[in-house]
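Numbering (numbering that gives the first Met the number 0), first residue to last: 0 to 62.
All residues carry an ideal CB built from backbone N, CA and C; glycine is no exception.
See structure below.
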Amino acid sequence: MGQLNELGATICAITPQPPEATKPLIEKHRVTFDILSDHGNEYAAKLGLRFKLPDDLKQAYLG
Numbered sequence: 000m001g002q003l004n005e006l007g008a009t010i011c012a013i014t015p016q017p018p019e020a021t022k023p024l025i026e027k028h029r030v031t032f033d034i035l036s037d038h039g040n041e042y043a044a045k046l047g048l049r050f051k052l053p054d055d056l057k058q059a060y061l062g
């Protein structure tokens, strides 16, 4: 991320999870960039980024 910062880039992540769900992740991994909450994936949809995982991939992620 240092190189990106040197270029003047701003890094952020967008998640449909509420802030209280991402807070432990931020603390555990010492995240140094903003993580924005996109309730309902509305902004992701406007950007054309919203998608639905196929059932077999859901199982892979859930274990």
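### Message
Give the list of continuous beta strand (DSSP E) stretches no shorter than 3 residues that lie fully inside the region 25 to 58.
### Response
33 to 36
### Task
Measuring alpha carbon to alpha carbon, tell me which of Asn4, Glu5, Ala8, Thr14 ends up nearest Asn40.
Thr14
### Query
What are the start and end residues of the alpha helix (DSSP H) that includes Leu3?
1 to 5
### Query
Nearest to Leu52 by alpha carbon, out of Lys45, Tyr60, Leu46?
Tyr60
### Message
If you reduce the DSSP assignment to three classes, tell me which class Thr9 lands in.
### Response
coil
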